[in-house]
Every structure is written in C-alpha cells, then in structure tokens.
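S.K.: Protein chains in written order, with UniProt numbering: chain A, 1 to 782; chain B, 1 to 528; chain C, 1 to 125; chain D, 1 to 138.
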Amino acid sequence: MPLFGVEATFWALLGPFVAAALSPILAKTLKHNASWLLAIIPALAFLQFLSFVPGIAAGQTFRASLEWVPTFNVNFSIYLDGLSVVFALLISGIGTLITLYSGGYLKGHQNLGQFLSYLFLFMGAMLGVVLADNIITLFVYWELTSITSFLLIGFDHLRRASRRAAVQALVVTGGGGLALMAGLILAGYQGGSFEMSELLNSGDILRESPYYTAIFVLVILGAFTKSAQFPFHFWLPNAMEAPTPVSAYLHSATMVKAGVYLLMRMQPALGGTELWMTILPIFGGITLLVGTILGIRQTDLKLVLAYTTVASLGLLVMLTGTSDPIAIQGAVIYLFAHSLFKGSLFMVVGTVDHEAGTRDLNRVGGLFSLMPITGVAAVLSALSMAGLPPLIGFVAKEVLYDGTWHAVNGGLWTGFALLGNAMMFALAATVAIKPFFGSKVKTPKAAHEGSILLYAGSITLAVLGLVTGLFIVSVGHQILSPMTSAILGTPFDEELHLFPTYLSPALYLSMATVALGIIIFMYLDKLRLIIAEILRTIGWGPDKGFDQTIEGIVRFAGTLSNTIQTGSMVRYMRATFVVIAFVLYVPMILTGNWPKLEGFGSLYVYEWFIAAIAVIGVYAVVTARYRVTAIVLLGIQGFAVALIFLLFGAPDLSFTQFMVETLSVVILALVMTRLNLKPTDARSSRAKLFDTSLALLCGAGISMLLMSIVQLPFDPTLSEFFTQYSRTIAHGRNIVNVILVDFRGFDTLGEIAVVMVTGLAVLALIRVRPKSEGNSKSENNR
Amino acid sequence: MAVTQTTVDTAAAMVTEAVPLADWLLVAPVLLTMAGGATAIIFRKKSFVQPWIAIATISLVILSNIGLLNHVLTNGVVTMVMGSWLPPFGIAFTADPLGALLALTASIATLCVAIFAINSIAENERRYGFYPFLLMLLCGVSGSFLTGDVFNLYVWFEVLLISSFGMQILGNEKIQIDGAVKYAVLNLIATTLLLTTTGLLYGLVGTLNMADIAGKIKALDSSGPVLAIAALYFLAFAMKAAAFPVNFWLPASYHTPRLVVAAIFAGLLTKVGVYALLRVMVLLMPEGRDWLASLIGLVAIATMLTGSLGALAQTDIRRLMGYLVIAGIGAMLAGIAVGNEVAISGAIFYAMHSVLIMTALYLLVAFMFQMSGTFSLRDIGGLYIRTPLGAAIGLVLLLAVAGLPPFTGFWAKLLLVAGALEADRGWVAAGVLVSGLLTTIAIGRLWIFAFWRGGNEHTMDGIQALPIAGSSDASEISWSIWLPLLALTALIVLIGVMPEALMSISDNGARTLLDPTEYIRSVFGGIR
Amino acid sequence: METLFAVLIGILFAGSIYLLLSRKLVRILIGIAILGNAVNLLIFTAGRLTRDVPPIIPENSYFPLEATANPLPQALVLTAIVISFSFLAFFLVLGYRTYQELGTDDLLEMRVAEPKEHSEPPQGY
Amino acid sequence: MNTLIFRTVAPYLSALMMLFSVFVLLRGHNEPGGGFIGGLIAVSAFAIYGIACGVSAVRRAMKYHPMSIAASGLLLAVLSVLPSIFYRQPAMTSQWLEMPFLGTVIDLSTPLFFDIGVYLVVVGAISSIALSLEERAD
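#1: List the residues of chain B that Ala311/A touches, going by C-beta distances under 7 Å, in chain order.
#2: Less than 7 Å between the C-beta atoms of Glu476/B and Gly76/B, yes or no?
#3: Within a Cβ cutoff of 7 Å, which residues of the same chain sit near Gly381/B, ignoring the five residues on either side of it in sequence?
#4: For Gly552/A, count neighbouring C-beta atoms within 10 Å of its own C-beta (all shown protein chains included) and say buried if the count is 16 or more, exposed if not.
#5: By Cβ distance below 6 Å, which residues in the same chain neighbour Leu80/A in space, the five residues on each side in sequence not counted?
#6: Strictly below 7 Å CB to CB, what residues from chain B border Val81/D?
#7: Is Asp23/B near the ligand GDP, judged by its Cβ being under 6 Å from some heavy atom?
#8: Is the beta carbon of Ala57/A closer than 7 Å to that of Gln478/A?
#9: Are at least three pairs of beta-carbons, each pair with one atom in the segment 364-381 of chain A and one in the segment 307-324 of chain A, less than 8 Å apart?
#10: Report yes or no: is there a C-beta of chain C within less than 7 Å of the C-beta of Ile37/D?
#11: Can you find the residues in the same chain that come closer than 6 Å, C-beta to C-beta, to Ala20/A, ignoring five residues on each side of it along the sequence?
#12: At the 7 Å Cβ level, is Ala469/B part of the contact set with chain A, yes or no?
#13: Going by CA-CA distance only, name the one from Ala753/A, Gln48/A, Leu236/A that's closest to Gly295/A.
#14: Where do the N-terminal and C-terminal ends of the beta strand (DSSP E) with Val81/B fall, by residue?
#15: Consider the Cβ of Glu109/C: report whether some Cβ of chain B lies at a distance smaller than 7 Å.
#16: Looking at Ile317/B: is its Cβ nearer than 7 Å to the Cβ of Phe375/B?
#17: Quick check: Asp652/A and Pro111/D, are their CB atoms within less than 7 Å of each other?
#18: Please list the segments of the beta strand (DSSP E) lying wholly inside the segment 58-115 of chain B, counting only runs of 3 or more residues, in order along the chain.
#19: Quick one: is Ala71/D near chain B, going by C-beta distance under 7 Å?
#20: Can you pull the chain D neighbours of Ser84/B, defined as C-beta to C-beta under 7 Å?
#21: Helix, strand or coil: how does DSSP classify Phe232/A here?
#22: Am I right that Leu170/B and Leu363/B are in contact with their C-beta atoms under 8 Å? What's the rounded C-beta distance?
#23: Does Lys440/A come out as helix, strand or coil in the three-state DSSP assignment?
#24: State whether the segment 175-191 of chain B contacts the segment 92-101 of chain C, with contact taken as three or more CB pairs (one from each stretch) at a distance under 8 Å.
#25: Ordered along the chain, which non-local residues of its own chain (more than five positions away) have a Cβ less than 6 Å from that of Ser485/A?
#26: Ordered along the chain, which non-local residues of its own chain (more than five positions away) have a Cβ less than 7 Å from that of Phe577/A?
#27: To the nearest angstrom, report how far apart Val332/A and Leu263/A are at their CA atoms.
#28: Per DSSP, which residues does Ile78/A bridge with? Please list them.
#29: Verify whether the separation of the beta carbon atoms of Gly67/B and Leu25/B is less than 7 Å.
#30: For Leu503/A and Ser510/A, I'd like the C-alpha separation in whole angstroms.
#31: Glu195/A bridges to which residues according to DSSP?
#32: Any Cβ of chain A within less than 7 Å of the Cβ of Asn60/C?
#33: How about the segment 39-58 of chain D and the segment 9-29 of chain B: do they share at least three Cβ pairs that are nearer than 8 Å?
#34: Can you pull out the residues from the segment 8-23 of chain C whose beta carbon lies closer than 9 Å to at least one beta carbon of chain A?
#35: Cβ of Glu158/B less than 7 Å from any chain C Cβ?
#36: Using beta carbons (cut-off 7 Å, strictly below), is Leu152/A in contact with chain D?
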C-alpha cells in the first residue's frame, strides 16, 4: 500500500488497531505519558483525511478497494465523499484529543493500557463504519463498535451498574445491528450491488421495490438503536457509567452518531418517501423532547449532557427525515457543531469531576477562578450549544429553523425544534453557569486546574467552535456544503453567513428560543421537581422495561427448557416415537401412496407357521410377567427369524443368527438374573394403552412402507455382478462371504472396529471404578 | 480343480488403470486411526505412551487430510473404489470439498482434545481406553465424511457411536451412567432408524452407492416411497444432529462425561449428522428436500430458538454450552431448509465453524473450572482480574459462537441470512437473527458473570473478589489446556479475519452438492 | 410372499417399540434385542425373497446353476447382526452397571443427570 | 454341570471346537462359514473351557490379553488392505499368491488374511466381554 494518495487511507484505517496493540506495552513503560506518543497515530490519520478536503470541495469523490472475500462480493472498499470525510475528520481529530485526555484522566490507573487499547479498537471500528463502501464491511465495523463500546462502557467492571450498562448497550445496539444486517443485504440484492456508492445511484429501484418497507424498517431499527432514538434511548444515559473520556468520545462524534451517519448515507437511496418523511421526523422529534425533558430532571452534570445528547440525536434524525435540502444543511452544521461542543463539555465535566471530586450540580460552584482555562472552554461550548452568536451553534440553529419552516409538515417540526432548543438552551446555561459562577461551594476535593492533558482537548474544541463560527463562509464551502451535497445526492452550495443577511422567520424563531430558554432556566429547579414527580407517578420507563424483558426472557427460557427437557426418559422416548409415527404417515397421507394388501397366496403352510411362531414369541415376551420368562421367550422369536433366513437361502445368516441369539440370551440371563428386580411393568393402564397404540401405529407404518416398496419392481444389477465375478475374479464360491471380505470389505472393516471397541467399552464399564462420592463433584472433570 | 479355466474380462468388473498414490489419501484417515487405535490398545498398559501414539496418529491424519483437501481442490471430486470393483458394485470412497473440509476440521479438533487429555484423563481411564476410543471416534467420523456408500455410512456411524459410548461412560460415575443410558438408548434408536431407512432405500433402488442413487432416484416415477424415505432419513439424521424435537439426549448427557469428552462430542458428533443431512437431502434426494423444505425450516427455527433460550435458562456452564451446540445445529438446518447455493455454503461454513468453536468452548469451560472450581453461574466470578488473557479468549470464543464479527460465526450467519433473503425466505432469516440476539444475551451474561463480576453472585459492588476455594492461579494452568485453547482461538480469529479461503471451499462444496454431475462423473468416470 | 413378512416385521417392530416405551430398563434391553431382529428381517425382505437356493457356486462351475437368493442383503444383514449384537452386549452391561450404581432399573427414578428440582436461572448483571 | 466328567472332557472338547472354528474360518470363502462364525465358535470353546476350569485358566490358555488379540486382529485386517498400494491399485484390491504345499495348492490371499483378522477380533473382543462378566460373577 502506498504512503500517499487514496490507498494510503488504508493505513489510516489500520493505524488505530496498531495503536491498540501498542497501548498496553507503552502504558506499562511510559505510564500516562504514553498518550502523547499514541496520539500521533490518530493525528496522522486526521492529516490524511484532511488532505482530501480540497478535492471533495471541488466535487470529487474517492474510492479504493482491496479484495477481502471475493466469493461473496465482500470487498475492503472505502468511499470518501463529503459525508464520510467529515465524519472521519471528527473521529480522528476528536480521537486525538481524547487520547490525550484519557492519559490525564486515568493517570495512575493500573489498567490505563487496556483502556487505551479498547479506545483505539473503537476508534478503528468507527472509522471503518464511516469509510466503508461495501455494506458487509460496513456492517462488520458496525458490530465492532458495539462490541468495543461494550468493553469501554463496562470498563469499571466491578460495579454492577457498569456491567448492566455494558450489556444493555451490547444487546440494544448489537440487536439493532442484526436487523441492519438483514436490511443491508436486502437492499444489496434489490439494488444489485453490495457497494454503497453504487447502491446510492439505484435509489429509484429501491424505493419502488416491494421490499422497500422491509428494508426501511430494518435499516432504521439499526440506526435508531445505535443513535439512541426513542424508545431505544435508555442505553445512552446508562452508558455514562463509563469513564468520562469514553462518554466524551462515544457521545459526541462517534458511536451514537453512527446511526445518524447511516440515515444520512442512505438518504439518497431510501429517503424522500412518505414513510421516511413521516417516521423519521416523528421519532426524531419525540426523542428530542424526551431527551431534553429527562435532561432537566437530572442533577448529575454528566447525565444532563447525556440526555441532551439524546435530544440532539433526535433533532438530527428529525432534520434528516424531512429530506428538505435546507433542513439537511442545518443538520450537517448542527452535527458538526454538536461534535465540538459536546466533546468539549464532556471533557469539562470530567475535569471538574476529576479535580473537584463531584459532578453534582448542587455541590459545585464558583470554580471559574480556580480552573480558568476549563471555565473558558465550558462557557464557549455552552454558548455554542445554546445557539448564540458568534459560535457555530448559532449558524446551525438559524439554518435548521430555515429548513424546518419550509419543509413538508414544517409547522410541526418547527414546533418540536423550538421547544427542544429552548430547553437545550436552559441546560447549556446550567452546565456552564452553575459549576463555574456564583458562590463557591465546598467540594470533596480542593479543585484547581489540572494538567495540560486534561484541558487541552476541551479548550481546543471550544475554540474551534468559535473559529468555525467566525469563518463560517469558508468552512461552509470546504466542509459543510460538500457534506450536504453527499447526503442529498445532488450538488448543494448555498453561502453560509454568521449573521443573517435579512430578517427571516428563522431569526424570529431563534429569538423566541432564547426567550423561552431563559424562562425555562429561571424555573429550572421547579420544573425539575415537577418532572421528577411525573416520572415517579409513571414509575416505568424503557430502562426498567429492559430489565423486565431480560428477566422475563430468562424466566420464560427456564420454564420452556424445563417443559421440554423434563429429565424423564419415558417422555423422551414417547416424544421420539410420536415423531417417528408422524414421519412415517405424513408422506403416505399426503401423496396418497398406500400399499396394496396382496401377495399372501403363494405361501407354503410352514412359512405361515414360522411367522406365527415369531409373532407368538414376540407377544409372549411383551406380555411376560417375569424377566426370566421374557428372556427365554426372547429366544423363540430369534430362532424363528433364524429359520426364516434358512428357508430363504441364507445359511450363513441363519447360523450367525442362531449363535448370536443363543449368546444374547445367555448373556442376558447371566447379567439380569443377578439383579434383584421387581417383576411388574409399573405402567398405568392408560399409559399402556397409549404405548400400545403408539407401538402398533409405528409398526403398521413400517409395514406399509415396506410393502409399498417390495411391490415395486426390483433392480438386481448389484447382485448379478457379484454372482458373475464371485468365483471368476474373487476366487470364492460363497458369494456372501466374498461380498463380506472383498466386494464390500470396508463394511466388514468398520464392523470389526465396532466389535473391538465394544470389547474395550465393556471392559471400561466393568473395570473402572468410580471415585468415592464425596469428591466426585470436583473430581469429575478435571 | 475339475473346472476348466474360463477367460474373464477383468476390465468389465474392475478398475484396471493405475491409481495415483494421492488417491490413497481418501482412505488414509480411516486406516491410520484404526491402526493407531489398535496399537494403542495393544500398549494400553503403558499409559504414558498412549497420548503420543494418539497425537502422532492424529497429526498424520491432519497431514493426510490437508493433502486430500488440496487434491480435491485442484482435481475436483476424488473417488477411489475399494477392491478395484467398478462402481456402483464395490464401496466407493468419494471426497468432495464438503467431506474433505469437514474431515480436516474434525481431525484438528481431535488433535486439540488429544493434547488436552494428556493431563486431564486419569491413568486408570487411559488404560481402559480413552485414546483408543478417541482414535476410533475420529475413524468413524472420517469414514462418515469420506464414504460414498449409504450402507457404509451407517457402518461408520456405528463406529463413532460405540466409541462415543465408551468415552461417555469412562469414569463410571453415577451421573455418567445415567447420562449414558439416555444418550445410548436414544442414539441407538436413531441409528436403527438409519439402518431401516437404508434397507428400504436398497429395496427401492437396488443400489447403495451415493452417486448411483442420486442418478437412479430421479428416474423413479413413484414419488411416495421416495418422499417417505427422504423424510425418514431427515428424521434419523436430525436425531443425530440434535434437532428439535428429537434432541433430548444432548442436554441430558453432554454435561456428564469428562470435559475432554464433552469437548470432542460437541465438536464432532452433531456435525456428522448435519453432514449426512447435507449429503443425503441435498445431493441424493433434492426432490425430498424441496418437498420437506418448509418443514425443515420450521424444525430449524424451533431448534435455534429452543437452543438459544435453553442456553439462557442454564445455571451449569456445561449445559449452557450444550444448548449452544443445539442453537448452532438449528442454524445449519436453516441453510438446508433454504437450499440455495449461498445458504448451503453457509451451512457448510457453519459446520466447520461449529466443530472448532464448540471444542474450544468446552476447553474454555475446563479452563474456567480450573480457575474457579465451579460450573455454576451463581458461584463463578472474578476471572477477569486473575486472567486477562483468559478473559480475552473467552470473549473471542463467546462472540464467535454468537455470530458477531469479525470471527468465524459471523461469516456463517451472514451467508445463511443472505441465502435466506435471496431465496425469499425472510422468516428463516428472521429466525437466524432472533436466535443470534438471544445467544448474544446468553453469552453476554455468561461473560459478565464469569469474568467481569468480582466474585460470586453475592459479591458486593466494587469489592475485589477473594479467590474462590479450590481455584488455581492462571500460571498453574497446565500447558495442555493453554496450547489447544490458544491454537483453536487463533484459528477462529484467523479464519474470521481472512475467511476467503474457507468461503471459497464452502461455496465450492455447495455447488458440488447442488449439481451432482461432478460427483457422479468422479465416481463413474467415463463409464456413463 | 414379501407382504406376509412385511406384516411380521411390523409386528416385531410394534412389539419392540412397546417394550422400548416401558419404564423398566430390562424391558428396554429386550426391546432392543427384538428391534435388531426386526431391522435385519426388514433388510432381508427389502432385497426380495427367494426360496431355498443359497448364493453358493457349485464346485464344478463358475456361476450358480439356477437363480439364487439375493446375496447382497445377506451380507448387509450379516454386518448388521454383528453390529447389533455388539451394541446389545454393551447395553446389557450398561444396564447391569446402571442397576449397580443407581440401584434401580426404573427410568423415572434415574434422575442423577437431570435432577427433579429445577433451579431458577440466575438473574441480574 | 460342574461334574468331574465335564471337567475332564472340557479341555478336549474346547480343543476340538477350536480346530473346528479354524476349519469354518478357512472354508468360509467357498462354503458357509467365515471369520465371524468361526470366531463365535472359538469364543464358545473358551466359554466351555472357562466354565469347566475357571477364568484364570482361560486367560492362561489365551496367553495374550483378549483385547490385545482383538487389536492385533484389527491391525491384521488393516494391513491386508494395504498391499495393493505397491501395484498402484485401489485400496483393498485382493492379491493372490498360489503356494504349492504338501502336494496341494493353497491360495494365500489378502481376503484370507482379512478374514483371519475378523476371526481374531471376534475371538478377542467377545471373549473379553465374556471373561470380564464371568469374573464379576466370582
């Protein structure tokens, strides 16, 4: 692979995995300083992605492909366009900062190496998701993010809450992933290609396909679970059990945005239909409101941020769903802005937690003088989040209002957006003002500014939010508009301005948002109490539902297994024979192929006689009351069978049958008479009736099947061959023996192997003595 | 002798041209294991040489199987007729990619188990036949995979069955005997059904050679008996493969023998049933398969769901793994139910995956037992802290069995789902996916309980686990566990990351099954 | 004449299945013995029956002088007899040891591997 | 059963039966008989000897452990499959060697060795089962 150009991107994809392998080693020797060294890898990847920006702004796209599983059309292909490159930039860029931050945050932690390892694995997977062109490759990376986030969320694994959150994330996002897999494969078959870049051009075929609804439902199941859309939103706040660097990374630019990415990616292929334009905005809007309302309820700063993330994701899904170009442009800018301010705010909260020892809203205050740099970062980011000029968040809000206002059903979506944004404004204010301003509160730890590792990330991202806001025109041209074009599938380049050039509805909406936001902020404490009260009254949520579902499934599984696997051998046998009877009769009934009851005429009397003896023998055995009688009677039918063999030209068989039958009876008698057994059958008469009918049914079925076969003409080619060559080539006059040792000698080889192993197995049964009961539990299975 | 010598046209009855030596690779696994098994019995009192006889034999078998697979991939389906008798008169051994691939995988799993057994099977149990049983089991399994004759298939089934009986009871503890009764009786019914059906099939078509049957059965106009025989074969092999609702024997017995034994059982036994289903339902009786497709689909889904739900319901890790075997069987049946190239190739890939993963999982159970001294999900815990490497192996294996990428199980599931969707059988795909989700929950729980949790289920939050009584340190775990466990895990990761080679073999195998011309041509050569 | 034997085989199967369904291990063992005979007879019959003439070539000929019984099913049955006999022997000893170890031959009382009391699966995380 | 006459006669009877079993084995290729039946007759011979003179006497008479006999029988059978490899023929292709012996011609052939293998396996394995069962009885 070359070091420059499109192919070099494969190195950028490989980089994080290399870093993951290096982390434990470096962390062992360099401790937290290892993160400086390791951060170089994502930084290099960032530069690599950056090199594509001018080309993409000029309307180019890039594609590179390696063979992976050609048998099944799975390629290791990457597709770089406006959409994927922005995501890649965010993932690698913020990833670099998070790497540094992790070093500071987990300084001195004994598992720092493992942590960085998981983080890089996640980063690699996430880069793969956004860059993969092949839908199967995309899915592989998609599930990898689920698995690695499982490890990251559960990092603090000795706490039950962490484990629960990790499993929850794995089950919800992994489960959604399975639906996505089916959806993507269906789309691939319908669209005629497994490459996303080609699939995007067959949007019309997909939208008109009879499978469109199925594809749509499956794909949005994947996207909604990953991006925490209502009612799957609950795993995201729980994932806050993870160390803060994880939250800052997963919930700003990466994991949770994967679903949004997917929807944006599929917009040209699946978007624009009524279904798309209804379901997405509705669920997005609901998620927006649920997220903000639940956010107000929280006092834990990290949880406040988590719920606003949920809300922001809802907003993004809603905007994408409208399929309106301006709204999508709004989504793009908002997504970009959100990645910057949310990443920064999470790091700020982490730093506060790290330095002050708490992140409870009511236990912190007046930290600005103690932690000025962090404070500045917090204020800048919060301004962006609140959507105030001159930060990029403001631009985002202007454009998105413009979009919803003009979209189909725009009024409703605008309403959702207004309410959500106002609450978001209030929450942004809370996060920035409460901890840093106002009167000083005594915190568990004496707070002061942390090391550069701790503030570098947040201040960088915060300043970036300001810079991109100030230079929005060129940022728009270079980065945001190409991304919008990629989502729309058509070129889109509308000039962006920091300040509106004319008085638009968007500006009024913006002002209304601020006004409403301030009111909410003022009554925040009261609102919190009210919401808490309402939630208490409801007393149930999807989070609790998850536990109940799992518990229910496990309990149901237990009952089901115990019902099927009763442990009663008698039931097993009955079930088995019922199935056998079923299989015997169903083909006959369905094909109507019953045998003719004929052909008794040509029999001699003694043949009837022998058959009768055999039947009597069996009947006697079945009804025998005592074992010994049964065993002796067993011989009768055996000898009758031997006689039949003799009468029908099989002396070898007959002799063998005589010998074997005698030996069987002798051994049976030898073994069984030594046991002190009760003679009774011990079956109730009802059970006997059932067993008798079942046995007769099976017997009759086999009889009829055999009859219908022997009434057909027979093809004797094989035996004619054996007869012809038995003496001439194989030098034997006893054809049966020649078959045994020559024509079909391998059967005999297998047969004597069975005999030999039987001998050994019986020896093992008799000679090996079990160990004494006391230690058998631990001894069994060393 | 009084008779005058007659002239015989030998060429009309026998293969007369020289046979390439490479064709002997077809019978090598069977003959080697038989010779090895017999030798091990002769030396049974020298218990320290036993493992090495077995390991040497199995290594040779692996080499021979690699050669065979290579032979098949370069020259197409390979046939050798025993005793030079022209097919269909003698017994033919025929290796197609399916058979050769599974034979190789099976021998690899057996080698791992043979190594694991070095330090885990007591002297007395070695003397009474562990290694001979193991070798004869491999003999029966290899014979089943490679034979091209239905009656001969039955014989090899019996070889592997009696060997498995021997392994099952080794130790003679109460629980083993009880498990053995259920295992043995139910399996005997299955093989008897198999023999009955084979007898009926012979009565119907007058031949036993698979290629010959595949050709002749098409010519039969009477569909009734053919369908009945197809249904009976399906039932017989479904019992062997442990499909719902005839799989009672598996959960009743897999937790009872020695773990080594459970490992090889889980790896090989059910897969032989699946193999036979593929061979008989797809190659020999495609009409029967088409006719039964919906039923097989239902059975597959029921098997997958009862398997994965069963895994969720268990407290004993060994039983949990047993249910995972069942869930996997359901997935393979789903491939047979769908029956197109992608799905069949998925079933083949899954079978290969299942041999490796189930063996590895029981080795993992042994490892976990050594570390914690318990099989109960309630009592186990704290393994992550004590053995990060073990935890990583555990995670990889469990993710692989749940079908998550980038491990072997994922590719198998992918093919199955894609095949089902391509064939417009979305409900089968849904079954595979739902079962995958349930399995994910089950393995997620298992992993957090055993590894992440600090101690047993009563451990308080965040408190470092105290070592559980009877447990040992990771460094005390014998190399005879580490080596096979690491090797299998490495193989699973390697195939998961680079699946192309095996995908193309599976695909090749599926094509050979679906279009029997190559198989028939290989057996009959230029005769027909 | 195959029809008669088809009926006879059905009866043998029915008898053995009835025994297999019983609760007592000894009866099951006897059922297995009968099952083996039933299957052998089935294979023999499926290869069609011919009276009297065994498939043996006279000493002064290279081919049988008249139509003989079909030799192939005989060979198959011979293999099957041996195998079923081996299995029967194993089962007999297994039954014997079962009684020794578990002290019962009643299947409903054999609950070591799968005990009667089912434990609830563990919950929680 | 355990009379003096029986004890005296049993060894001779057993020896005769052993001879007969070998006869049945060898003629198997041409007349009814063969390795399996021959083996069963030999087992009966050992059984009679065992009932008369005790298990340990049988073990002494057999010289090798019955399982070893069975295993060598299987080895012999496997070996008899192999010679065709030298003639570039498929496995198990029979090889015939006509040896003049005391005026008659004896056919030495791989199927014969194969059948002897069958005989040994049956003798070894079945008598091992019988012996171990009889031992438990004591």
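We put the CB at the ideal spot given by N, CA and C, even for glycine.
M.R.: For this structure:
#1: The residue labelled residue 311/A in the question sits at position 311 within the first sequence. Simply none; closest approach about 28 Å.
#2: Looking up residue 476/B in the second sequence gives position 476. Looking up residue 76/B in the second sequence gives position 76. Not a contact, by the Cβ cut-off of 7 Å.
#3: Locating residue 381/B in the second sequence gives position 381, counting from the first residue. Closer than 7 Å at Cβ, skipping near neighbours: Phe449, Ala450, Arg453, Gly454, Gly455, Asn456, Thr459, Ala465.
#4: Locating residue 552/A in the first sequence gives position 552, counting from the first residue. Counting Cβ neighbours within 10 Å, Gly552/A comes out exposed, since fewer than 16 surround it.
#5: On the first sequence, residue 80/A is found 80 positions in, with the first residue counted as 1. Around Leu80/A: Phe52, Phe62.
#6: Here residue 81/D is taken as the residue at index 81 of the fourth sequence, counted from 1. By Cβ distance, chain B contributes Leu31.
#7: Only the bare structure without any ligand can be found here, which leaves the ligand GDP out of the picture.
#8: Here residue 478/A is taken as the residue at index 478 of the first sequence, counted from 1. Here residue 57/A is taken as the residue at index 57 of the first sequence, counted from 1. In this structure, Ala57/A lies closer than 7 Å to Gln478/A by Cβ.
#9: no
#10: Stepping through the fourth sequence from its first residue, residue 37/D is reached at position 37. No, because no Cβ of chain C sits closer than 7 Å to the Cβ of Ile37/D.
#11: On the first sequence, residue 20/A is found 20 positions in, with the first residue counted as 1. Only Ser117, Phe120, Leu121 meet the Cβ criterion.
#12: The residue you call residue 469/B lines up with position 469 of the second sequence. The predicted model places Ala469/B with a pLDDT of 48, which falls under 50 and marks its position as unreliable, so this point remains unresolved.
#13: The sequence position of residue 295/A within the first sequence is 295, counting from 1. Closest by alpha carbon: Leu236/A.
#14: Stepping through the second sequence from its first residue, residue 81/B is reached at position 81. Element bounds for Val81/B: 78-81.
#15: Numbered from its first residue, the third sequence carries residue 109/C at position 109. With 7 Å as the cut-off, Glu109/C does not count as an interface residue toward chain B.
#16: The sequence position of residue 317/B within the second sequence is 317, counting from 1. The sequence position of residue 375/B within the second sequence is 375, counting from 1. Cβ atoms of Ile317/B and Phe375/B: closer than 7 Å.
#17: The residue you call residue 652/A lines up with position 652 of the first sequence. The residue you call residue 111/D lines up with position 111 of the fourth sequence. In this structure, Pro111/D does not lie closer than 7 Å to Asp652/A by Cβ.
#18: 78-81, 92-95
#19: Numbered from its first residue, the fourth sequence carries residue 71/D at position 71. So yes, Ala71/D belongs to the interface.
#20: Here residue 84/B refers to the residue found at position 84 when the second sequence is read from its first residue. Those within 7 Å of Ser84/B in chain D are Gln89, Pro90, Thr93.
#21: For the purposes of this step, residue 232/A is taken as the residue at position 232 of the first sequence. Three-state result, Phe232/A: coil.
#22: Mapped onto the second sequence, residue 170/B falls at position 170. Mapped onto the second sequence, residue 363/B falls at position 363. Wrong, their Cβ atoms sit about 18 Å apart, outside the cutoff.
#23: Within the first sequence, residue 440/A is the residue found at index 440, counting from 1. Lys440/A: coil per DSSP, three-state reduction.
#24: Segments in contact, yes.
#25: Indexing the first sequence from 1 puts residue 485/A at position 485. If we look at Ser485/A and ignore the five residues flanking it on each side, its Cβ neighbours are Gly82, Pro491, Phe492.
#26: Within the first sequence, numbered from 1, the residue matching residue 577/A stands at position 577. Leu694, Cys698.
#27: Residue numbering aside, residue 332/A sits at position 332 when the first sequence is read from its first letter. Residue numbering aside, residue 263/A sits at position 263 when the first sequence is read from its first letter. Approximately 12 Å between the Cα atoms of the pair.
#28: As a first step, residue 78/A is located in the first sequence; it is residue number 78 there, counting from the start. For Ile78/A, which the question treats as bridged, DSSP gives the partners Ala64/A, Ala132/A.
#29: Position 67 of the second sequence holds residue 67/B. Position 25 of the second sequence holds residue 25/B. Contact flag set, yes.
#30: The count along the first sequence starts at 1 and reaches residue 503/A at position 503. The count along the first sequence starts at 1 and reaches residue 510/A at position 510. Roughly 11 Å between the two C-alpha positions.
#31: The count along the first sequence starts at 1 and reaches residue 195/A at position 195. Paired residues: Asn134/A.
#32: For this step, residue 60/C is matched to residue 60 along the third sequence. So, not an interface residue.
#33: no
#34: Here the close residues are Leu8, Ile9, Gly10, Ile11, Leu12, Phe13, Ala14, Gly15, Ser16, Ile17, Tyr18, Leu19, Leu20, Leu21, Ser22, Arg23.
#35: Within the second sequence, numbered from 1, the residue matching residue 158/B stands at position 158. Closer than 7 Å: yes.
#36: By one-based count along the first sequence, residue 152/A stands at place 152. Taking a beta-carbon distance threshold of 7 Å, Leu152/A does not count as an interface residue toward chain D.
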